[in-house]
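Following this line, the structure appears as structure tokens:
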């Protein structure tokens, strides 16, 4: 089972990677320059951005409404009402740009029908039309393609831009290039975010795969021991022990139950779990098992073993011999970048499952990936809240840093990410007690950041939540 302890850790890891790798989405700002082209380029940039929004079906309003002829010209176009345009209209910097430059847009009203007609016969539009459900990347590819090949080469658009007294051809071209860079930057940011969301799901799925892999490992080790027994029988001069081996280990009842468990079979059908790609690991682990006192005591005790005894053997071997081994850690690191961090939690659930088999025998069930639908949605939701509100939460963090002890500019990036995630949970999951959230993120800080991080996280959560409660923005208590 993937529990919230592990989900929180995964979200922190993914948020850390996202914040390091994403591109900042920024709108261009005016610059002072002696170059007329350079000065006009920003005005052209602003006008082209607003024109793009109008071509997407938005009304750029400032004491006026776009004429019906403009709206009808773009009705039904594949680029109308796009996700990119919706984002830009909701961005505070873009809205400021609209407010400052909307008065220029009536000059483009007569140009819109001609531009719409040209866009619909462009090769970029034909490519966009082929995509059934366009993604942001498809929309950006369309706009960056037509801006420099169609938009600024449409005579009516150029004439509209010439009504600006600062107009220059070079400045217009520079403005179009700047807008393409802004859109590409937005696309890069969106792609990183989308990839990180996918990685979060993959990481959580891989955790559940590790749970199955740990339960399947006894099956592989047992089969390897059986092969050793068969090889010993075929020796040139086999001993009596070779010819009459103790078969209780290879006939282990828990191993048989796991090997033929319907839930395990169904999982392995969709996602094959095997250790056969590293036979040397199996041999090394088998040596550790057969050399252990746990195995020797099991073999030394006479009589047929019960299901409970067979389960206890593998519970003890996994806990004390296999999971702590360096051989397993090295192999997990090569199999998945996620697994070493997951081993402690997933092995605890594997051990719990073995206890269930000891109690319920063949009727025992494997653990589901999540406890319920709420847990299944927790990771994606927590990550989304942390990304969406990261600027607000960062302001809170900066406000409460004690500058005598903590330099804002030198705070560990991991500490900031842990705090962002903690605040996302505290502010958006009212059913989770403050003490639970605080303890979990302090533990993550103690494990993954520097020695002072735990106390820093604990103090920051206390200070920030006190303020939030005092301001009526948080209704949780520490009780």
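Residue numbers (the working numbering): 893 to 1371.
Positions of the beta carbon are idealized from the N, C-alpha and C atoms, including for glycine.
Margin query: On a Cα-Cα basis, can you pick out the residue from 991, 1248, 1174 that is closest to residue 1201?
Written below: 1248
Next item on the list: Ignoring anything shorter than 4 residues or poking outside the segment 1305-1333, list the alpha helix (DSSP H) runs there in chain order.
Entry: 1305-1320
Notebook entry, point to check: Do residue 1233 and residue 1173 have their C-beta atoms within less than 8 angstroms of each other?
Noted result: no
Checklist line | Secondary structure of residue 945, DSSP reduced to three states | finding: helix
Notebook entry, point to check: From residue 1134 to residue 1218, what does the alpha carbon distance come to, in whole angstroms?
Noted result: 31 angstroms
Checklist line | Contacting residues, own chain, Cβ-Cβ under 6 angstroms from residue 931 (five flanking each side not counted) | finding: 925
Item checked: C-alpha distance - residue 1081 paired with residue 1114, whole-angstrom precision -> 49 angstroms
Next item on the list: Might you give, ordered along the chain, the residues of its own chain that have their beta carbon closer than 8 angstroms to the beta carbon of residue 928, omitting 5 neighbours on each side?
Entry: 1058, 1060, 1063
Next item on the list: State the DSSP-derived secondary structure class of residue 955, mapped to helix, strand or coil.
Entry: Confidence at residue 955 is low in this model, with a pLDDT of 44, below 50, so its placement is unreliable and the value that follows should be read with caution. Note: residue 955 maps to coil in three-state DSSP.
Item checked: Extent of the continuous alpha helix (DSSP H) to which residue 1014 belongs -> Looking at the DSSP string, residue 1014 is not in any alpha helix (DSSP H), and its letter there is neither H nor E.
Next item on the list: Could you tell me the distance, in whole angstroms, from the CA atom of residue 1214 to the CA atom of residue 1325?
Entry: 36 angstroms
Item checked: Cβ contact check for the segment 896-904 and the segment 1029-1040: 3 or more pairs under 8 angstroms -> Short answer: they don't touch.
Next item on the list: Buried or exposed for residue 1181, please, with buried defined as at least 16 other CB atoms from any protein chain shown within 10 angstroms of its CB.
Entry: Looking at its Cβ environment, which holds 16 or more other Cβ atoms inside 10 Å, residue 1181 is buried.
Next item on the list: Please confirm if the segment 1136-1155 is in contact with the segment 1075-1089, defined as three or more CB-CB distances below 8 angstroms between the two stretches.
Entry: no
Notebook entry, point to check: Got a sec? Which residues, its chain only, sit under 8 angstroms from residue 903 by beta carbon, not counting five neighbours each side?
Noted result: 1092, 1271, 1274, 1275, 1278, 1313, listed in sequence order.
Notebook entry, point to check: In its own chain, which residues sit with a C-beta less than 6 angstroms from the C-beta of residue 1137, not counting the 5 before and 5 after it?
Noted result: 1121
Note to self: Alpha carbons only, please: which of 1177, 1176, 1205, 1183 is nearest the one belonging to residue 1436?
What the structure shows: Look at the range of the chain in this structure, 893 to 1371, and you will see that residue 1436 is not part of it.
Margin query: Out of 936, 1108, 1132, which one is the CA nearest neighbour of residue 1055?
Written below: Residue 1055 has its Cα closest to that of 936, out of 936, 1108, 1132.
Note to self: Taking 6 angstroms as the limit between beta carbons, can you name the residues of its chain near residue 1334, skipping five residues before and five after?
What the structure shows: 1346, 1349, 1350
Check: Over what stretch of residues does the alpha helix (DSSP H) that includes residue 968 continue unbroken?
Finding: Per DSSP, residue 968 belongs to no alpha helix (DSSP H) and is neither H nor E.
Check: Do you know whose CA, among 1167, 1184, 1260, 1095, lies nearest residue 1158's CA?
Finding: Ranking 1167, 1184, 1260, 1095 by Cα distance to residue 1158 puts 1260 first.
Item checked: DSSP state of residue 1256 mapped onto helix, strand, coil -> coil
Notebook entry, point to check: Quick check: the segment 1151-1167 against the segment 1104-1119, are there 3 or more CB pairs under 8 angstroms?
Noted result: Yes, they touch.
Check: Which value, in whole angstroms, describes the spacing of the CA atoms of residue 1046 and residue 1016?
Finding: 15 angstroms
Item checked: Beta-carbon proximity check, residue 1011 vs residue 1042, cutoff 8 angstroms -> Between residue 1011 and residue 1042, the CB-CB gap stays under 8 angstroms.
Check: Taking only beta-carbon atoms, is residue 1223 less than 8 angstroms away from chain B?
Finding: Here there is only one protein chain, and chain B is not present.
Check: Fully enclosed by the segment 1020-1064, which alpha helix (DSSP H) runs are 4 residues long or longer?
Finding: 1028-1041, 1047-1054
Note to self: Can you find the residues in the same chain that come closer than 8 angstroms, C-beta to C-beta, to residue 1239, ignoring five residues on each side of it along the sequence?
What the structure shows: Excluding sequence neighbours, residue 1239 sits near 1106, 1210, 1211, 1215.
Checklist line | Through-space distance from residue 1000 to residue 1023, alpha-carbon basis | finding: 29 angstroms
Notebook entry, point to check: Between which two residues does the alpha helix (DSSP H) containing residue 905 stretch?
Noted result: Unbroken alpha helix (DSSP H) run through residue 905: 896-913.
Check: Alpha carbon to alpha carbon, how far is residue 1067 from residue 1036?
Finding: 12 angstroms
Next item on the list: Measure how close the beta-carbons of residue 970 and residue 1008 come, nearest whole angstrom, since I'm counting them as under 8 angstroms.
Entry: The Cβ separation is near 12 angstroms, so there is no contact.
Notebook entry, point to check: Who are the near neighbours of residue 1085 in its chain, counting only those whose CB is closer than 8 angstroms to its CB and skipping five residues on each side?
Noted result: 910, 914, 1279
Item checked: Through-space distance from residue 895 to residue 1099, alpha-carbon basis -> Each residue's CA atom was taken as its position, placing residue 1099 and residue 895 some 10 angstroms apart.
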